[in-house]
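In this note's numbering, the protein residues as written are 1209 to 1410. Report on the following structure.
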Amino acid sequence: MEIAFVIVVLVLAWMVVRARYQAQRIVLLGKHLSGLQVERHMETLTQGYLRAIREKDVNRQNQIWETFAASECGVAGQIERLAEAVAREPQEHTRIARWAMCVPYVERFLPAVTRDFRQLLRLHAQGVREIVENPSGLSPKDRAYQLSAELFLLQHSCHWFCKSRAVADARLIARHQVDHGKVLASVSERTRNAYLHWLGST
């Protein structure tokens, strides 16, 4: 009975510490997102792209693609501003663990298993900007597909930073019906290589 009580107390204490830790991260990221409209642009694009893809008339479809230019440029610029703002935060506040579960303050006692979220945001900003400018000449449909994947991966990274990798994986599936592996395979080769290098770096 005493052992069970101790276990319950420890579990509750763990949950309190974890919730406090995650709340601090949500506040940090929220502070930099508050003046931006990243989420609004993402919603406009992801919903709009689906509408364009479902359009049967080619001329009408081309007209719809053209209406997204402002949102595409807007989201690229907003993500760059986010990356620049978070880059000014101390490194000890921006480390995230590679583990699936959230281990509060792991960056303090086991930094080798963590990675820098600032670098991750920077590669997301570069990836989105590249797709928006489209130097490789992707078709509107392929470009929309790839940009959507870039935005989904960014969203996954933000959830990972605020909560955990496991929560980020679950939210990606719940919101977009696609898993992390599929999203990573769908972004540009440059983003994918940079992401895998970041994940494997020390």
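All residues carry an ideal CB built from backbone N, CA and C; glycine is no exception. The structure presented is a predicted model; accordingly, all values stated were derived computationally and were not measured.
Beta-carbon proximity check, residue i vs residue j, cutoff 8 Å
| i | j | result |
| --- | --- | --- |
| residue 1339 | residue 1330 | no |
| residue 1237 | residue 1323 | no |
| residue 1305 | residue 1314 | yes |
| residue 1215 | residue 1370 | no |
| residue 1311 | residue 1302 | no |
| residue 1332 | residue 1261 | no |
| residue 1244 | residue 1289 | yes |
| residue 1367 | residue 1379 | yes |
Residue i classed as buried or exposed, judged by whether at least 16 other C-beta atoms fall within 10 angstroms
| i | result |
| --- | --- |
| residue 1381 | exposed |
| residue 1328 | buried |
| residue 1220 | exposed |
| residue 1242 | exposed |
| residue 1284 | buried |
| residue 1246 | buried |
| residue 1227 | exposed |
| residue 1363 | buried |
| residue 1344 | exposed |
| residue 1373 | buried |
| residue 1212 | exposed |
| residue 1231 | exposed |
| residue 1320 | exposed |
Close-in-space but distant-in-sequence residues of the same chain around residue i (CB under 8 Å, 5 per side omitted)
| i | result |
| --- | --- |
| residue 1395 | 1335, 1354, 1357, 1358, 1361 and 1403 |
| residue 1275 | 1256 |
| residue 1325 | 1294, 1302, 1303, 1304, 1365 and 1369 |
| residue 1405 | none |
| residue 1342 | 1351 |
Residue(s) in a DSSP beta bridge with residue i
| i | result |
| --- | --- |
| residue 1226 | Paired residues: none, contrary to the question. |
| residue 1211 | Beta-bridge pairing links residue 1211 to no other residue. |
| residue 1398 | DSSP, once it has assigned bridges, lists no residue as partnering residue 1398. |
| residue 1304 | 1323 |
Close-in-space but distant-in-sequence residues of the same chain around residue i (CB under 7 Å, 5 per side omitted)
| i | result |
| --- | --- |
| residue 1392 | 1361, 1400 and 1403 |
| residue 1263 | 1269 and 1272 |
| residue 1300 | 1315 |
| residue 1259 | 1272 |
| residue 1240 | 1290, 1293 and 1294 |
Cβ of residue i within 8 Å of any chain B Cβ
| i | result |
| --- | --- |
| residue 1244 | Absent from the structure is chain B; it holds one protein chain and no more. |
Residues of its chain near residue i, where Cβ-Cβ distance is below 6 Å and the 5 sequence neighbours each way are ignored
| i | result |
| --- | --- |
| residue 1348 | 1273 |
| residue 1337 | 1284 |
| residue 1229 | 1312 |
Any non-hydrogen atom of the ligand SAM closer than 7 Å to residue i Cβ
| i | result |
| --- | --- |
| residue 1243 | Annotation note on the ligand SAM: not contained in the displayed structure, which lists no ligands. |
Three or more C-beta pairs under 8 Å: does that hold for the stretch 1276-1295 against the stretch 1252-1260? yes
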